[in-house]
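Each residue of the sequence shown is one higher than the one before, starting from 0 at the first, in numbering that gives the first Met the number 0. Virtual Cβ for every residue (Gly too), placed ideally from N, Cα, C. Taking it in order: structure first as structure tokens, then the write-up.
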Amino acid sequence: MKLSSWRVALRIARRDALRAKGRSALVIAMVALPVLGVAGADVVFRSADLDPVEKAVRTMGQAAAELQILDRGAVVLQAPDPDEDYHLTDASETKKENGQPAYTPEQRLSLDTEPVELARRLLPGATLVPFREGPYVATSTAEGLANVRITEADLADPVWRGRYDIVKGRAPSADHEVAASQEFLNVSGLRIGDRTAPRGLESTPFTITGVAEYPGDLRTAVLFARPGTVLDKLPNSGVRSGASSVSESVSHWLVKLPAGAVVDWPKVMELNKYGFATASRAVLLDPPARSEVPFYAYQDSQGNSGRTPFFDRTAVVVLGTVVGMALLEIVLLAGPAFAVGARRSRRQLGLLAAGGGDRAQVRAVVLGGGVVLGLTGAVVGLAGGIGLVALLRTRAEEAAGQRFGHFDLQPLDLLGILLIGLVTGLLAAVVPAVQASRQDVVAALTGRDNLKPPSRKLALLGLLMLGGGSALALLGATGGFGSRSLAVLGGSVIAELGMVALTPYLVGLFGRIGRWLPLGPRLALRDSVRHRGRTAPAVAAVMAAVAGSVAVGVYVASSDEEHRREYVAAGPANVVILSSGWGAAADGSMLSQQRGAVQNSVPGLGARADVQRVNYLGDCRASGQSCGRVSVALPEERKCPIWGKGRRTLSQEEIERLGREDQRCKDRVITRGNSFGAVQSGDAALLRNFYGVTDPAAGQAIAQGKAVVFDERYLKDGKVALELTEPYPDGPMDADFEPAARTVTVDAVFVTSPFNPGGTAVVSAETVHRLGLTSSDAGSVWLPDTAPADAAEQRARAALAKLSDGIEFEVERGYQSPGDLISLGLTAFAGLVALGAAGIATGLAAADSQRDLTTLAAVGAAPRIRRTLSGFQCGVIAAMGALLGAAAGIVPAVALRKVEAAGSGYPGMSLQEEAAKGIVVFPWLNIGVTVVVLPLLAVALAALLTRSRISLLRRSG
Numbered sequence: 000m001k002l003s004s005w006r007v008a009l010r011i012a013r014r015d016a017l018r019a020k021g022r023s024a025l026v027i028a029m030v031a032l033p034v035l036g037v038a039g040a041d042v043v044f045r046s047a048d049l050d051p052v053e054k055a056v057r058t059m060g061q062a063a064a065e066l067q068i069l070d071r072g073a074v075v076l077q078a079p080d081p082d083e084d085y086h087l088t089d090a091s092e093t094k095k096e097n098g099q100p101a102y103t104p105e106q107r108l109s110l111d112t113e114p115v116e117l118a119r120r121l122l123p124g125a126t127l128v129p130f131r132e133g134p135y136v137a138t139s140t141a142e143g144l145a146n147v148r149i150t151e152a153d154l155a156d157p158v159w160r161g162r163y164d165i166v167k168g169r170a171p172s173a174d175h176e177v178a179a180s181q182e183f184l185n186v187s188g189l190r191i192g193d194r195t196a197p198r199g200l201e202s203t204p205f206t207i208t209g210v211a212e213y214p215g216d217l218r219t220a221v222l223f224a225r226p227g228t229v230l231d232k233l234p235n236s237g238v239r240s241g242a243s244s245v246s247e248s249v250s251h252w253l254v255k256l257p258a259g260a261v262v263d264w265p266k267v268m269e270l271n272k273y274g275f276a277t278a279s280r281a282v283l284l285d286p287p288a289r290s291e292v293p294f295y296a297y298q299d300s301q302g303n304s305g306r307t308p309f310f311d312r313t314a315v316v317v318l319g320t321v322v323g324m325a326l327l328e329i330v331l332l333a334g335p336a337f338a339v340g341a342r343r344s345r346r347q348l349g350l351l352a353a354g355g356g357d358r359a360q361v362r363a364v365v366l367g368g369g370v371v372l373g374l375t376g377a378v379v380g381l382a383g384g385i386g387l388v389a390l391l392r393t394r395a396e397e398a399a400g401q402r403f404g405h406f407d408l409q410p411l412d413l414l415g416i417l418l419i420g421l422v423t424g425l426l427a428a429v430v431p432a433v434q435a436s437r438q439d440v441v442a443a444l445t446g447r448d449n450l451k452p453p454s455r456k457l458a459l460l461g462l463l464m465l466g467g468g469s470a471l472a473l474l475g476a477t478g479g480f481g482s483r484s485l486a487v488l489g490g491s492v493i494a495e496l497g498m499v500a501l502t503p504y505l506v507g508l509f510g511r512i513g514r515w516l517p518l519g520p521r522l523a524l525r526d527s528v529r530h531r532g533r534t535a536p537a538v539a540a541v542m543a544a545v546a547g548s549v550a551v552g553v554y555v556a557s558s559d560e561e562h563r564r565e566y567v568a569a570g571p572a573n574v575v576i577l578s579s580g581w582g583a584a585a586d587g588s589m590l591s592q593q594r595g596a597v598q599n600s601v602p603g604l605g606a607r608a609d610v611q612r613v614n615y616l617g618d619c620r621a622s623g624q625s626c627g628r629v630s631v632a633l634p635e636e637r638k639c640p641i642w643g644k645g646r647r648t649l650s651q652e653e654i655e656r657l658g659r660e661d662q663r664c665k666d667r668v669i670t671r672g673n674s675f676g677a678v679q680s681g682d683a684a685l686l687r688n689f690y691g692v693t694d695p696a697a698g699q700a701i702a703q704g705k706a707v708v709f710d711e712r713y714l715k716d717g718k719v720a721l722e723l724t725e726p727y728p729d730g731p732m733d734a735d736f737e738p739a740a741r742t743v744t745v746d747a748v749f750v751t752s753p754f755n756p757g758g759t760a761v762v763s764a765e766t767v768h769r770l771g772l773t774s775s776d777a778g779s780v781w782l783p784d785t786a787p788a789d790a791a792e793q794r795a796r797a798a799l800a801k802l803s804d805g806i807e808f809e810v811e812r813g814y815q816s817p818g819d820l821i822s823l824g825l826t827a828f829a830g831l832v833a834l835g836a837a838g839i840a841t842g843l844a845a846a847d848s849q850r851d852l853t854t855l856a857a858v859g860a861a862p863r864i865r866r867t868l869s870g871f872q873c874g875v876i877a878a879m880g881a882l883l884g885a886a887a888g889i890v891p892a893v894a895l896r897k898v899e900a901a902g903s904g905y906p907g908m909s910l911q912e913e914a915a916k917g918i919v920v921f922p923w924l925n926i927g928v929t930v931v932v933l934p935l936l937a938v939a940l941a942a943l944l945t946r947s948r949i950s951l952l953r954r955s956g
């Protein structure tokens, strides 16, 4: 076709679009919504992806480099940006000669020299600006205590600009002043000018002078103090349990160099030999070639055995399938709208053909509508996506937890997104355009249809596509061949398109049931069968909406069932658990107040059972140090070899073989840990409240000095072994170092618990003392007859939060499914879309049926026949589409479940996990509602919204 012909076609399409504003708005909205989402996501992604200059500023402020000592005596291999990745070979891994480590001169110097002094030697003329990121400590708030990270840095120095920014107030200028992150102010209820005191420094509170922000992390509660004013003064009791202790010396510096000096890549590699990881501004702005980076050579030498190709990653497969199927459904949903326009313009198109226009020109007029509406929808969606991100930028940054580098609009990305909208509109108009170009000119001018039987070849092709696409998606999901993303997406699309190709033939099969229907449904079904050209696109649109709903419904229901099977209860139903947790009260000193807060807030708790944690070398929770541990040990012959200390001696192939074949690995039970430890001290009340054991014999066994265990595998010859493991030593250790351990045996009995707590044992206080161990107060457990009300639980949490954060408080309410509301919402959404598609098709059918209605009126049919016929026409289309969609939606859902199952396996997976992974569950209630209720609702709405009055028309021809 000539360009002038396309110009005319586009003018006609624009005129038709303006005439049918409602239909045009519908198509524009369907195209614009996905474009809006993709455009917004692209702008957010690009804006959050920092360019080298922004990366350098966020990493080191205005300095020339950031220097960090990873380990004295270590050798570092790093990427040009160490935040991306690095490999550390510590001093303990150095090869030995004659029993002694063969240190390099660089390693020896690193071991013998203080890091700050070594850095000054390696960077002559440089100024090192120290900063320390300390542990989490408990500090005072408006209501009590909260945990906060302490960072020491002189924010008044301009070198920090870009790394740490003062966004409100001013930087601390005195030793008793701090700046706070906005997250800390939100949590604590404090404001600029208020005072806060870390635990242990209550006599010297600090005044908050401003709000400081690290643009790369907006979600962490941080206090910024001047160097040397807080961390060195903190007592050990202020350190968060499990966090790293206060550093003995500074390990991070910003490097300021004289004008013109830089830290180049050779200098970075030199620093690596001494155990320093270095982020250099010069290297980030001008990175070396890949061949010049030893870290990449090391990566290549390790091979790709542990890596999954990008397009085979589970998240990529799922996202690609969802996006691809969504675009296909938009095409199928928009198709009937273009079919309506083509049918209503058939006389105009007939005149075009009668005036000498060829089929290509007729197709161009209909395709022009796809171009006009698709392009308009794409532009609207693109502008809306960009505008929304610009309007909600601050909220988007807070939701993402980091600031954008800059508002980044990539022209090529936006052009590609624009083309997606344009292609979507074109594809939706292809089938109506082909049908319009093939219509008989005389039939188009007289308003008669040229009825043809369905093509058996097309039906056979559709059947082959359906079978082949389903096989491709299901087999490709498990990585049988090719790229999993392409296999699952391509198979799902081919299967659904095969169902679309089958639709005209299946419509004819549906017509055979008309003989058993009353007059109204029989007329509607006959009309749908005779006019397959308009019925098939409408059925395909309803099918697309229902298929999407069923696919997501099956996927959500299956995932929900998997999570239900993997769920491990914290205790018996309704149990209320209070633990001192990990925060400021980790040492148990506030348990008395905490118990009072819970009992005053929650009525009807019943008898309380206190829990004592059994310790090996004392209770070190508050100091964050290791005091060893006490655990329940399996007999040696019952241990899975791939989970024991000998795992490091096994090859990966041997690990995978044992995981598949060794029954001891399969018998592993998935349990839920608790903050009370593996061995607890208590009595019969603890057994009842926490483990649901009411047998008096179990309580008597504890009183007699025996241990109670809940997994029979741990019991051997009437005894259980308690493993006492020494703490890890300070300083460097060999890579395969394991602390020493010894076992003591205790007479034990096995009891059955309503849930399996696994390797847990309960002993008496006398038994703890007899074994030479200690115990400490860890918390309490209540077992009320009914679960506490939500309001009571909220009161208890609020009361505990005023005492300290980090307190663990839980009410066992069983597995709480998030999927029901999602499935219901998706079913309702699919119903609305399907009703809309059926309504469009009904409008087209009503226009085509006007001659039949005129004939009925002429022979004396009642006025309500119009309502009845319209209702049943809509119901027939909705029923056929719902049935086909329910079948079509199963393929992508099952394929995605197989993808997840294939990607989540690991050697030694238990039978319990294997049974849950990849399980497929069909939400029959939701599917039934869609298949049954949707057509009935379509009938009712179409009948109510259709006028009864019939206008008599002159019959032509």
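| said: Does phenylalanine 183 pass the burial test, meaning 16 or more other C-beta atoms within 10 Å, or should it be called exposed? | reply: Buried, because 16 or more other Cβ atoms sit within 10 Å of the Cβ of phenylalanine 183.
| task | Inspect the beta-carbon positions of valine 762 and valine 678 and report whether they are closer than 9 Å. | result | In this structure, valine 678 lies closer than 9 Å to valine 762 by Cβ.
| task | Out of Leu895, Ser187 and Leu270, state which residue places its alpha-carbon closest to the alpha-carbon of glycine 552. | result | Among Leu895, Ser187 and Leu270, the Cα nearest to that of glycine 552 belongs to Leu895.
| Do serine 630 and alanine 764 come within 9 Å of each other at the CB atom, strictly closer than that value? | Cβ distance not < 9 Å, so alanine 764 and serine 630 don't count as in contact.
| query | From Ala288, Arg289, Gly274 and Val267, pick the residue whose C-alpha is nearest to that of arginine 280; which is it? | reply | Checked all of Ala288, Arg289, Gly274 and Val267; the closest Cα to arginine 280 is Val267.
| request: Give the range of the alpha helix (DSSP H) segment to which glycine 259 is assigned. | output: Careful: glycine 259 lies outside any alpha helix (DSSP H) and carries neither H nor E.
| said: Starting from glycine 133, trace the beta strand (DSSP E) in both directions and tell me its first and last residue. | reply: Where glycine 133 is concerned, the enclosing beta strand (DSSP E) stretches over 126-139.
| said: Quick check on this structure: which residue in Arg194, Val74 and Asp407 has the alpha carbon closest to the alpha carbon of glutamate 53? | reply: Selected option, being the one with the closest Cα: Asp407.
| field | Delimiting residues of the beta strand (DSSP E) encompassing threonine 206 | value | First-last of the beta strand (DSSP E) with threonine 206: 205-212.
| request: Pull up the DSSP beta-bridge partners for valine 678, would you. | output: By DSSP's assignment, valine 678 forms a beta bridge with Ala760.
| Residue range of the unbroken alpha helix (DSSP H) whose run includes tyrosine 690 | 683-690 is the span of the alpha helix (DSSP H), which, as asked, contains tyrosine 690.
| task | Quick one: which unbroken beta strand (DSSP E) runs of 3-plus residues sit fully inside the segment 570-604? Chain order, please. | result | If only uninterrupted beta strand (DSSP E) runs of at least 3 residues are considered, those enclosed by the segment 570-604 are 575-578.
| said: Here's the rule: buried if 16 or more other CB atoms are within 10 angstroms of the residue's CB, otherwise exposed. What is arginine 687? | reply: Buried is the label assigned to arginine 687, since at least 16 other Cβ atoms lie within 10 Å of its Cβ.
| query | Between the beta-carbon of tyrosine 213 and the beta-carbon of serine 187, is there less than 9 Å? | reply | No. Outside cutoff.
| field | Residues bridged to glutamine 347 [DSSP beta-bridge criterion] | value | Beta-bridge analysis with DSSP links glutamine 347 to no other residue.
| If you draw a straight line from the alpha carbon of threonine 759 to that of glutamate 711, how long is it in whole angstroms? | For threonine 759 and glutamate 711, the gap between their C-alpha atoms comes out near 11 Å.
| field | Burial state of serine 548 (16 or more Cβ within 10 Å) | value | Result: buried.
| field | Per-residue burial, proline 293 [other beta carbons within 10 Å of its own, 16 or more giving buried] | value | Proline 293 comes out exposed.
| request: Note down the Cα distance separating valine 931 from leucine 508, rounded to an integer number of angstroms. | output: For valine 931 and leucine 508, the distance between alpha carbons rounds to 19 Å.
| message | Taking only three categories from DSSP, how would you classify phenylalanine 921? | response | Residue state, collapsed to three classes: coil.
| query | glutamine 67 bridges to which residues according to DSSP? | reply | DSSP lists His251 and Ala276 as the beta-bridge partner residues of glutamine 67.
| message | Using 8 Å as the cut-off, can you tell me whether the segment 1-16 makes contact with the segment 351-368, which would need three or more C-beta pairs spanning the two stretches below that distance? | response | Counting C-beta pairs with one atom in each stretch, the segment 1-16 and the segment 351-368 have three or more that are closer than 8 Å, which means they touch.
| said: Helix, strand or coil for tyrosine 504? Go by DSSP, reduced to three states. | reply: Note: tyrosine 504 maps to helix in three-state DSSP.
| query | Where does phenylalanine 406 fall in DSSP's three states? | reply | Coil.
| Can you give the Cα-Cα distance for alanine 125 and leucine 117, rounded to whole angstroms? | One alpha carbon belongs to alanine 125, the other to leucine 117, and they sit about 12 Å apart.
| task | Kindly indicate which three-state DSSP category asparagine 673 falls into: helix, strand or coil? | result | Reduced to three states, the DSSP call for asparagine 673 is coil.
| request: Have a look at proline 398 and arginine 392 and give me their C-alpha separation to the nearest angstrom. | output: One point to set straight first is that residue 398 is alanine, not proline, in the sequence displayed. Near 10 Å, if we compare the C-alpha coordinates of arginine 392 and alanine 398.
| leucine 217 and glycine 133 closer than 9 Å at C-beta | No, the Cβ-Cβ distance between leucine 217 and glycine 133 is not below 9 Å.
| Three-state secondary structure assigned by DSSP to alanine 353 | In this structure, DSSP gives alanine 353 a helical state, which the three-state scheme calls helix.
| task | Measure the CB-CB distance between leucine 253 and leucine 69 and report whether it falls below 9 Å. | result | Contact flag unset, no.
| Does the distance from the C-beta atom of proline 963 to that of proline 226 stay below 9 Å? | Residue coverage of the chain in this structure runs from 0 to 956, which leaves residue 963 outside it and unanswerable.
| said: Contact between the segment 780-787 and the segment 702-709 is defined here as three or more beta-carbon pairs at a separation below 8 Å; is this criterion met? | reply: Contact fails: fewer than three Cβ-Cβ distances are below 8 Å.
| request: Thinking alanine 994 and glycine 376 are a contact (beta carbons under 8 Å), I'd like their distance in whole angstroms, please. | output: Beyond the ends of the chain as shown, which are 0 and 956, falls residue 994; an answer cannot be given.
| said: For a test of the three-state rule: what should DSSP assign to phenylalanine 44, helix, strand or coil? | reply: It is helical.
| field | Residues of its chain near leucine 465, where Cβ-Cβ distance is below 7 Å and the 5 sequence neighbours each way are ignored | value | For leucine 465, same chain residues with a beta-carbon under 7 Å away, outside a window of 5 residues either side, are Ala494, Gly497, Met498 and Leu501 in chain order.
| Near asparagine 303, which residues of its chain fall below 6 Å by C-beta distance, leaving aside the five closest residues on each side in sequence? | Only weak support is given to the placement of asparagine 303: the predicted model assigns it a pLDDT of 45, under 50, and the question is left unresolved by the model.
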